[in-house]
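Just so we're aligned: the first sequence equals residues 94 to 311 in the numbering used here. By construction, the Cβ of each residue, glycine as well, lies at the ideal position given by its N, Cα and C atoms. As structure tokens, the structure follows; a few thoughts come after it.
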Amino acid sequence: MGRSPCCEKAHTNKGAWTKEEDERLITYIKTHGEGCWRSLPKAAGLLRCGKSCRLRWINYLRPDLKRGNFTEEEDELIIKLHSILGNKWSLIAGQLPGRTDNEIKNYWNTHIKRKLINRGIGTQSTPGLVVHPAATAPAKTRSMPATNTEPSIAEKGSHKTRKELPDLNLDLTISLPSTSQKPITAGENGSQNMCLCYRLGFPSITLACSCNMLQSRY
DNA sequence: AAGCTATTCAACCGCTATAGC
DNA sequence: TGCTATAGCGGTTGAATAGCT
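Rendered as structure tokens:
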């Protein structure tokens with residue numbers, strides 16, 4: 094038995110999207126909004142799988158996407174975030190407005206890995222960062238492919254070059270806002286609930302953080 | 001100019017998480 | 001509470017392109 098396929102594969106296009114397909118998708122989403130990806134292709138007159146439409150929209154057609162090369166700031170940010178979060182590309186992408194998880198993943202695998210190797214960092218950890226075991230452990234119990242034996246930078250370096258950074262709280266759970274809404278400064282209150290962006294030492298408040306915590310500090 | 005190799009990145013696949021019944 | 005459908009994530013693939021011989 095098993096689950097039915099996500100779409101009728103025999104009647105769907107695959108491979109590169111044509112301009113016409115792009116336009117159909119854009120027009121449909123502009124009119125009806127995102128969501129209900131399964132029924133979208135039929136409604137939009139596309140012979141595509143819903144997953145494919147979603148991916149195309151999120152990774153390529155979304156109007157708020159920032160196309161073009163990554164900046165040095167973005168590079169460093171990705172490295173920092175990856176050393177903490179591992180291959181949680183969607184979380185990393187969440188800190189980089191206009192960038193998608195797929196884009197960042199590709200960029201990591203092509204540019205940054207090499208950059209770190211050239212720097213002599215390679216499989217070493219990023220200096221100054223402590224990696225909490227819980228943060229690098231796989232969130233899912235999915236078994237890794239046999240070929241994927243290369244641990245993340247965080248995993249690789251965590252046992253050797255670890256330096257203490259005791260206030261780094263990687264508990265990303267969401268809690269109800271306190272009534273005071275008072276931003277917590279570094280060192281205050283044991284640095285709990287501090288913005289991750291701030292902890293990472295973002296060079297620019299406009300780069301990644303939209304939580305207003307930094308703005309309230311500067 | 002032609003052939004080969006390396007690199008890039010859009011797209012696909014398989015899986016888990018979660019919402020809704 | 002369990003089942004099903006759907007959304008979303010991360011790893012992988014493969015076509016297109018660039019660079020080299």
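Query	Result
Counted within 10 angstroms of its Cβ, other Cβ atoms place Lys135 as buried (16 or more) or exposed	exposed
Same chain only: Cβ atoms within 6 angstroms of Asn106, ignoring 5 sequence neighbours per side	Leu140, Arg141
Closest by C-alpha distance to Asn180, when choosing among Glu113, Arg160, Asn195, Thr111	Asn195
CA nearest to the CA of Lys198, picked from Glu113, Leu209, Ile171, Cys146	Ile171
Candidates Ile151, Asn211, Gly138, Asn162, of which the one nearest Gly328 by Cα	Lying before the first or after the last residue shown, residue 328 is absent from the chain, which here runs from 94 to 311.
Validate contact between the segment 159-166 and the segment 119-139 using beta carbons, cut 8 angstroms, 3 pairs	no
Within 9 angstroms, strictly: CB atoms of Ile205 and Leu154	no
Euclidean distance between Cα positions of Ser145 and Pro156	18 angstroms
Contact belief for Leu133 with Glu167 at Cβ below 8 angstroms, rounded distance in angstroms	Incorrect: roughly 31 angstroms between the Cβ atoms, too far for contact.
Collapsed DSSP secondary structure at Lys159 in the structure displayed	coil
Burial state of Lys112 (16 or more Cβ within 10 Å)	exposed
Residues of its chain near Trp182, where Cβ-Cβ distance is below 7 angstroms and the 5 sequence neighbours each way are ignored	Asp194, Ile197, Lys198
Three-state secondary structure assigned by DSSP to Lys123	helix
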